[in-house]
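Residue numbers (UniProt numbering): 1 to 382.
For each residue, glycine too, the CB sits at the ideal point set by N, CA and C.
This is the structure in structure tokens:
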């Protein structure tokens with residue numbers, strides 16, 4: 001059967017994958033609403049780009065260029081840039097201190113430039129026999145992509161040293177897939193390979209995030225209890241430091257200020273730990289107000305130093321925490337080591353409660369005053 005539109009199989013499969021993914025995202029109502037919306041926008045942008053690319057492939061088969069080809073080409077470039085922007089928003093969604101509107105600047109500049117292509121061959125043009133020629137200014141679309149890649153790589157570095165190596169690896173794989181697609185398309189080995197490779201990366205990213213939500217606590221963004229024991233088994237042949245932590249006064253916060261205030265306390269504490277720990281320490285939330293850290297190949301001095309850094313950083317917040325440290329050696333009973341770490345933590349908590357009861361009510365008033373005025377710019381995952 002003759003391929004009238006000149007659409008290749010990859011474009012067809014890519015478009016079909018987008019439709020299926022869109023239906024799946026819409027159906028999965030339990031997924032985080034903000035992240036779900038971002039993925040829907042991303043998939044729609046990719047679908048429009050694929051459709052524009054398919055039409056452009058058909059127009060490319062004609063003997064002479066049509067004026068509408070500029071419009072189709074621009075729609076393709078703009079939606080490609082928009083999809084790159086949406087991917088970046090998904091990757092850096094946890095970085096609440098970033099001004100994400102600034103990331104629109106490369107996209108807006110590139111979009112304005114490509115829209116001027118009909119008036120300047122220095123952007124891109126078509127020859128009399130309908131051959132596409134990209135001018136020097138037309139490379140603006142690659143500059144936009146490169147700027148987003150730089151931000152993405154910085155986010156990967158941040159995630160890697162925060163202990164989220166799996167996240168960084170998945171993102172790097174997606175970047176690799178897209179970059180290979182760009183090269184294959186520019187070398188005219190495979191048509192429309194950029195967006196087809198992007199779809200593979202987007203699907204892989206969505207599946208990973210969807211699966212990872214079962215391993216990561218939605219409030220504190222720490223790994224869950226199951227990951228604690230899974231990692232303990234994984235690193236059982238290595239020396240480890242076990243740090244047991246319990247956030248003080250969480251029940252008081254929940255009872256007097258509501259569970260949203262309690263959630264802020266939990267996430268703030270987790271952020272404090274993440275801000276001072278090194279890559280060898282992995283943070284978990286194992287219960288309501290209970291956290292654990294596994295220090296892989298860490299020494300006793302390193303664990304104690306981390307605890308002191310956390311305590312120091314916590315002074316900038318209204319919160320305090322009780323700590324217990326115990327070493328694990330290969331061949332030891334891990335559960336017994338955890339019990340020892342917990343015991344040390346409970347001893348620290350008992351000392352905290354005893355000290356608290358001896359203080360005047362002014363300490364309680366000061367605590368409640370700090371708690372009421374404390375703010376944290378937090379965007380919850382769920």
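* Asked: Does the Cβ of residue 80 have 16 or more other Cβ atoms within 10 Å, making it buried, or fewer, making it exposed?
  -> buried
message = Taking a contact to mean a Cβ-Cβ separation below 7 Å, would you say residue 126 touches residue 65 in this structure?
response = In contact: residue 126 and residue 65 (Cβ atoms closer than 7 Å).
Between residue 114 and residue 74, is the Cβ-Cβ spacing less than 7 Å? yes
Next item on the list: Express the C-alpha separation of residue 26 and residue 271 in angstroms, rounding to a whole number.
Entry: 31 Å
Give the straight-line distance between the Cα atoms of residue 61 and residue 219, rounded to the nearest whole angstrom. When only Cα atoms are considered, residue 61 and residue 219 end up about 54 Å apart.
Practice prompt. Using only alpha-carbon positions, find the residue among 212, 16, 63, 58 that is nearest to residue 46.
Written response: 16
Query raised in the report: So what's residue 112 in DSSP terms, helix, strand or just coil?
Result: helix
Per DSSP, which one or two residues make a beta bridge with residue 323? 245
* Asked: Should the region 31–51 be called in touch with the region 86–95, which here means at least 3 C-beta pairs below 8 Å?
  -> yes
>> Does the region 251–263 come into contact with the region 189–209, if we say contact requires no fewer than three beta-carbon pairs (one atom in each stretch) closer than 8 Å?
In response: no
Q) residue 289: buried (16+ other C-beta within 10 angstroms of its C-beta) or exposed? A) buried
* **Segment contact flag, the region 307–324 with the region 243–251, C-beta cutoff 8 Å, min 3 pairs** => yes
key: Simplified DSSP state of residue 153, which is helix, strand or coil   = Helix.
**Prompt:** Of the choices 333, 273, 286, 53, whose alpha-carbon is the least far from that of residue 312?
**Reply:** 273
**Q.** residue 171 versus residue 353: straight-line alpha-carbon distance, rounded
**A.** In this structure, the alpha-carbon of residue 171 lies about 45 Å from that of residue 353.
Could you tell me which residues DSSP puts in a beta bridge with residue 290?
246.
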